[in-house]
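Positions 4 to 422 (the numbering used here) are the ones given, in order, by the sequence shown. Written out below as C-alpha cells is the structure these notes cover.
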Amino acid sequence: MEELLNFFIEIGKLKRMPRRGWVINQIKNPESIAEHSFRAALMTWILGEEKGGLNIEKLLKMILIHDVCEVYAGDTTPYDLILLKNKKKLRELMKTWPRFPTPIKKEVVLKKHQKEAKALEKLISKLPPNLKKEIKNLWLDYEKGLTSEGRFLRQADRMENFLQAYEYWKKYKNPPLGPWWLWAREFFDDPLLVEFMLALEKKFHYQKIPKKLKPSLILLDFFSEVGKLKRKPRRGWMVHQIKNPESTADHIFRMATLAWILGKKKQLNLERVIKMALVHDLCEIYTMDLTPYDPLLPKNKKKIMEVLKRWPQFTPALKRKKMKEKSKAESIAIDKLISKLPSDLKVEIKNLWRDFEKGLTKEGRFVHQIDKIENFLQGLEYWKKYGKIQHKLWRRWIKEWIDDPILIKFIKAIEKKFY
C-alpha cells in the first residue's frame, strides 16, 4: 500500500501544474494538467462510445495515465525550440504554427518520448509488477497508437485541447486561432472527431449549424458545461482558508485514478467504477459544494476557524433533512445538465450518479468511500503544507466512513506516511 500511496501523492502534483501551452500564451489562471485529464477522460468515454467498437475501460485507464509522466518530465509545446524571452515578440510568435525540417522534427519527438519514458519509469518504478506493466503498456499505446484505442485516444485528447483553446479565445481573445486551425486540419482524421471539430468551429463563430452536426453540438454544449468544474474551487478548502485550493475537476482526476487502481484489488466492474468517479460531482456545476459545517458557519473569517476545531454534531432528524435537501438539489442539477443528451447516455449518467449517492451496488459503495479517501488524503497534504486542517478530527471522521477492508489498509498507509 505504501508504494501505491506514494504514486497517488506524486500524481496529485498534477493538480498544481498549469498546462504550459496556456502559460506561454499568457492565459490568466490556466487549467492544470489534472483538470485537462478530467475532461479529456469524460470526452474520451462519451465520444468513444459514440464511435463504437472500442474498449471503453481501456480508453478510460489510458487517458487517466497519459500525462502522469509530466510530474517529472514537465509539459512541452511545439514552440519550445523557438520560444523568445521578449513577450511582445512571443505574442507575434503565437500567431504562427511552428514548422521544422523533418530531421529536426523527428529528433524533437524522439527526445520528448525518451524524456517522458524515463519520467514514467521513475514514477511507477516501485509499483506492483502487474500494475507497473499495465500502466507502461497503456502509455506506450497512447504514445505510438498501437491499437485502435490508442489511435482514437490521441485524437480525443487533442480535441479536449482544441475545445479549451476556443474557450480561452472566447474569454480572452487569446490564443490566436489561426495556428490551431492549421494544426487541427492536419491532425484530425477520425470522421466522428472531424464532425465534432466542425460543430465547434460553427458554434464559436456563431454560424448556422447543419442538421447533421446537431448531435455533435449537443455533446459540445455538454462538454463546455462540464469544463466549468475546472474553474470551481472546492468549497471545503475555501472554508479552511487554503490558498489556491484544488478545483472539483482536480479532485475528480485523482479520485478516478484511485478508484481504478484500488478497485483492481476487488472483483468490481472497473469501467463502471471509473465512470462513476467521473460523474459523481457533475451536479456541482449548478449547485454549491456543501460541507458538514455549513449550518454553523459565521460570516467572520476568524470565527470560522474556531468552528472548524470541532466536528459538527446535529440531531438525526436535522441530519436527515439536510441530506434530503442536498440530494434533491443535486438531482435537479444533474437532470438539468444531461437534459439534452441522447436518451441512453442520459440514463447511464443519472444511474451512475444515483448509485454513487445511494450505494445501490458494490461499485457505488466502493466509489463513495474512495471519494472520502481522496478528500482525506488531500486534507492531510494541505495540513502538512499550511497547518490549517484539524487533522485529528479528520482521522476520526474517515474511520467512521470507511468499512472496506482494502481501504482500511490504505488509510493505515496514509496515517503511517503523514504521522
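Don't be surprised by glycine CBs; every beta carbon is placed ideally from N, CA and C. Since this is a predicted model, take the numbers as computed values, not measurements.
Query                                                                                                                                                                           : Result
What does a CB cutoff of less than 7 Å around valine 26 pick up in its chain, not counting 5 residues either side in sequence?                                                  : Pro33
Does the segment 36-48 come into contact with the segment 119-136, if we say contact requires no fewer than three beta-carbon pairs (one atom in each stretch) closer than 8 Å? : no
With a threshold of 16 other CB atoms inside 10 Å of the CB of asparagine 133, please say whether the residue is buried or exposed.                                             : exposed
Is it buried or exposed for serine 250, if we count other Cβ within 10 angstroms and need 16 for buried?                                                                        : buried
Quickly, what does DSSP pair serine 35 with across the bridge? List them, please.                                                                                               : Pro21
Hey, how far is the Cα of arginine 399 from the Cα of isoleucine 376?                                                                                                           : 13 Å
Tell me, to the nearest whole angstrom, how far the beta carbon of isoleucine 414 is from that of isoleucine 401; I am working on the premise that it is less than 8 Å.         : 6 Å
Looking at the unbroken alpha helix (DSSP H) that takes in phenylalanine 379, where does it start and where does it end?                                                        : 365-389
Bridge partners for serine 250 per DSSP, in chain order?                                                                                                                        : Pro236
With distance defined between alpha-carbon atoms, name the residue in Val276, Arg234, Leu348 nearest to isoleucine 221.                                                         : Leu348
How about the segment 237-244 and the segment 256-267: do they share at least three Cβ pairs that are nearer than 8 Å?                                                          : no
Would you identify the three-state DSSP class for leucine 10, choosing helix, strand or coil?                                                                                   : In the sequence on display, residue 10 carries phenylalanine and not leucine. Three-state DSSP puts phenylalanine 10 in a helix.
What does the Cβ neighbour count give for glutamate 328, buried or exposed, with the cut at 16 atoms within 10 Å?                                                               : exposed
Could you have a look at histidine 116 and say whether DSSP puts it in helix, strand or coil?                                                                                   : helix
Can you tell which of Arg357, Ala332, Val282 has the C-alpha that lies nearest to the C-alpha of cysteine 259?                                                                  : Checking the sequence shown, residue 259 turns out to be alanine, not cysteine. The option with the nearest alpha carbon to alanine 259 is Val282.
Could you check which residue in Ile59, Phe369, Asp70 has the C-alpha nearest to that of phenylalanine 41?                                                                      : Asp70
Tell me the residue span of the alpha helix (DSSP H) that contains phenylalanine 190.                                                                                           : 180-190
Just checking leucine 232 against the ligand MG - is the residue's beta carbon closer than 7 Å to any of the ligand's heavy atoms?                                              : Annotation note on the ligand MG: not contained in the displayed structure, which lists no ligands.
Can you tell me whether aspartate 284 is helix, strand or coil according to DSSP?                                                                                               : coil
Under 8 Å, with one C-beta from each stretch per pair, do the segment 215-235 and the segment 187-206 reach the 3-pair mark?                                                    : yes
Residue range of the alpha helix (DSSP H) that serine 219 falls in?                                                                                                             : 217-229
Going by beta carbon distance, what residues of the same chain come within less than 7 Å of isoleucine 30, once the five residues before and after it are set aside?            : Tyr171, Tyr175, Asn177
Output yes or no for whether 8 Å exceeds the beta carbon distance between threonine 79 and arginine 23.                                                                         : yes
Would you check if the distance between the CB atom of histidine 394 and the CB atom of tryptophan 404 is smaller than 8 Å?                                                     : no
If we count the other Cβ atoms within 10 Å of its Cβ and call it buried at 16 or more, is methionine 326 buried or exposed?                                                     : exposed
What's the call for tyrosine 169, buried or exposed, on a 16-neighbour Cβ count within 10 Å?                                                                                    : buried
Measuring straight from C-alpha to C-alpha, what distance separates leucine 180 and serine 227?                                                                                 : 18 Å
Beta-carbon within less than 6 Å of glutamine 372's beta-carbon, same chain only, minus the 5 sequence neighbours each way: which residues are those?                           : Ile405, Asp407, Leu410
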